[in-house]
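K.L.:
Whatever position you read off the sequence shown (first residue = 1), add 328 for the numbering used here. After the structure tokens below, expect a handful of questions from me.
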Amino acid sequence: MLPAQPGASAPQSTRQTQANANYSMLKLLVRERVIGSTIVNGQQNPYGLTVAPSTNGVFTKGDLVVCNFNNKNNIQGTGFTIVGLHPVRGSKPFLVSSSEKTLDGCDALALAPDDTIWAAAFRSNDNPVLSSNGKLLVNIDGPPFAHPFGQIYAPHGGASGSPVFYATNARGEGTVVRINLGSAFTYDVIAEGFAINDGKPGSIFGPSGLAYNDENDTLYIVDGANNTVVAFSKVSTIPSGGIIVEKDGVHFKGPAAGQARVVYAGNPLNGPISSALLFNGNLVIGNTTNKTGRNVMVEMTPSGRILATRNVDHGTAGAIFGMVSTGNNAFDAKIYFNDDNANEVRVLER
């Protein structure tokens, strides 16, 4: 019915081709360059960012796919457009989809292997599913979704073995939801209790910045409300109600508590919302609440060892939102990120 090709792998679900996590890609990717503007119809503040895994519909394989969080008047959380850019310097954005009804406050998105788009819209409080031409296929709303704030594709499924999507909620109980694909969708709320701040659009913190490593079936969750990165191992096996995050954000209970661990907590994390999973398994996390003049990325190993920090924008803090990495080794790796100060997608490369 909808997108899923078992065994295929979307780029945001990174496959490790080199296991050496002891060197820093932030130190190797010395050039920061502008790909292009994310403004097509005046809407601003790019949040979600991913890469098209194949050539379908309006996308060419490798295209960057972005959703805008603000409208043309730059009002927080009222944007409703998805745009695309070719991954070359000087790229001009093209409109993929626009819907105030279903995409209002679009803050995250993930693509299936056939480029079907799964978006998370905070204000619309839904998860619209769009074709690779940007046409609405189905809108997923209602429980268990409560102002979704994260989205990721995973080729490993749950009990069915089929590919799934994971979504997170920034209201209610701070939950992680597994969306099981099939002739009808089913949902497993595999975790609850992540810290949320009930902030207004523009100052929202909660579970977000999802990254998935399909080499070891691990889901990473970033939470800016308490400056943590959490990992769920063998996430496809975690049942509904499997993990409860305790109030301190670093301890867990529930039948699958042993599959949850804190990768890192505290400084230098500072209001993180986004993450990118590198080819070697390292994570790059994007801060949003550093002091003015600092928009810092933090690179860490899967075990939580900090390898590097890097300031990628010297303007107003809070510029880093969507992030995604590409490449299979240290020579072709790139990190793309949305710079909200300039309404641009930028790239770190060698």
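For each residue, glycine too, the CB sits at the ideal point set by N, CA and C. All values reported here derive from a predicted model rather than from experimental measurement.
Compare the beta carbon distance of Val386 and Gly412 with 9 Å and say whether it is the shorter of the two.
P.N.:
Between Val386 and Gly412, the C-beta gap is smaller than 9 Å, which places the two residues in contact.
K.L.:
Looking at Ile518 and Gly569, is the spacing between their C-beta atoms short of 9 Å?
P.N.:
yes
K.L.:
Using C-beta distances below 6 Å, list every residue in its chain close to Val578, excluding the 5 sequence neighbours before and after it, in chain order.
P.N.:
Val590 and Ala593
K.L.:
Going by C-alpha to C-alpha distance, which of Ile468, Leu458, Leu464 and Phe533 sits closest to Val505?
P.N.:
Ile468
K.L.:
Give the secondary structure of Gln371 by DSSP, where H, G and I count as helix, E and B as strand, and everything else as coil.
P.N.:
coil
K.L.:
Gly370 and Asn399 - do their beta-carbons sit closer together than 9 Å?
P.N.:
yes
K.L.:
If we ignore side chains and look at the alpha-carbon of each, how far apart do Glu543 and Asn401 end up?
P.N.:
C-alpha of Glu543 to C-alpha of Asn401: approximately 43 Å in a straight line.
K.L.:
Per the DSSP calculation, Asp516 is bridged to which residue(s)?
P.N.:
Arg506
K.L.:
Check this for me: beta carbons of Val624 and Val640, under 9 Å apart or not?
P.N.:
yes
K.L.:
Please state whether DSSP places Gly390 in a helix, a strand or coil.
P.N.:
coil
K.L.:
Quick check on this structure: which residue in Thr654, Asn669 and Ser382 has the alpha carbon closest to the alpha carbon of Ala645?
P.N.:
Among Thr654, Asn669 and Ser382, the Cα nearest to that of Ala645 is on Asn669.
K.L.:
Closer than 7 Å by C-beta to Gly527: which residues in its own chain qualify, once you throw out the five before and the five after it? Chain order, please.
P.N.:
Phe533
K.L.:
Is Gly376 helix, strand or coil when you go by DSSP?
P.N.:
strand
K.L.:
Mapping DSSP to helix, strand and coil, what is Thr565?
P.N.:
helix
K.L.:
With DSSP run on the structure shown, which of helix, strand or coil describes Leu357?
P.N.:
coil
K.L.:
Could you check the C-alpha separation between Val457 and Phe473 for me, to the nearest Å?
P.N.:
14 Å
K.L.:
Can you list, in chain order, the residues of its chain whose CB lies under 6 Å from that of Ile410, leaving out five sequence neighbours each side?
P.N.:
Cys395, Val424 and Ser425
K.L.:
With distances taken Cα to Cα, identify the nearest neighbour of Asn618 among Gly643, Phe607, Asp391 and Gly489.
P.N.:
Gly643
K.L.:
Buried or exposed: Asp454, going by 16 or more other Cβ atoms within 10 Å of its Cβ?
P.N.:
buried
K.L.:
For Ala658 and Leu509, what's the separation of their Cα atoms in angstroms?
P.N.:
When only Cα atoms are considered, Ala658 and Leu509 end up about 34 Å apart.
K.L.:
I'd like to check one pair, Ala498 with Phe560: are the Cβ atoms closer than 9 Å?
P.N.:
no
K.L.:
According to DSSP, is Ala636 part of a helix, a strand, or is it coil?
P.N.:
strand
K.L.:
Cβ of Phe580 within 9 Å of Cβ of Ile571?
P.N.:
Cβ atoms of Phe580 and Ile571: closer than 9 Å.
K.L.:
Along the chain, where does the beta strand (DSSP E) containing Glu677 start, and where does it finish?
P.N.:
Glu672 to Glu677
K.L.:
Who are the near neighbours of Thr514 in its chain, counting only those whose CB is closer than 6 Å to its CB and skipping five residues on each side?
P.N.:
Asn508
K.L.:
Check whether the Cβ atoms of Gly433 and Pro415 sit closer than 9 Å, and answer yes or no.
P.N.:
no
K.L.:
Helix, strand or coil: which one does DSSP assign to Gln587?
P.N.:
helix
K.L.:
What residues match up with Ile663 in a beta bridge as DSSP calls it?
P.N.:
Ser653 and Leu676
K.L.:
In terms of residues, what are the limits of the beta strand (DSSP E) holding Pro681?
P.N.:
Because residue 681 is not part of the residues shown, which for the chain are 329 to 678, the question remains open.
K.L.:
Could you please give me the residues that DSSP links to Phe493 through a beta bridge?
P.N.:
BP columns for Phe493 point to Tyr481 and Ile507.
K.L.:
By Cβ distance below 7 Å, which residues in the same chain neighbour Ala647 in space, the five residues on each side in sequence not counted?
P.N.:
Take Ala647, set aside five residues on each side of it, and the residues of its chain with a beta-carbon closer than 7 Å to its own are Asn623, Asp641, Asp667, Asp668 and Asn669, in chain order.
K.L.:
Applying the criterion that 16 or more other CB atoms from any shown protein chain within 10 Å of the CB defines a buried residue, is Tyr664 buried or exposed?
P.N.:
buried
K.L.:
Starting from the C-beta of Asn555, find all residues in its chain whose C-beta is less than 8 Å away, skip the five residues before and the five after it, and write them out in chain order.
P.N.:
These residues qualify, in order along the chain: Ala593, Gly594, Asn595, Leu597, Asn598, Gly599 and Pro600.
K.L.:
Measure the C-alpha to C-alpha separation of Gly582 and Val393 and round it to an integer number of angstroms.
P.N.:
If you take the alpha carbons of Gly582 and Val393, they lie about 37 Å apart.
K.L.:
Quick one, which of Val557, Ile613, Asn615 and Ala604 has its alpha-carbon nearest Ala588's?
P.N.:
Val557
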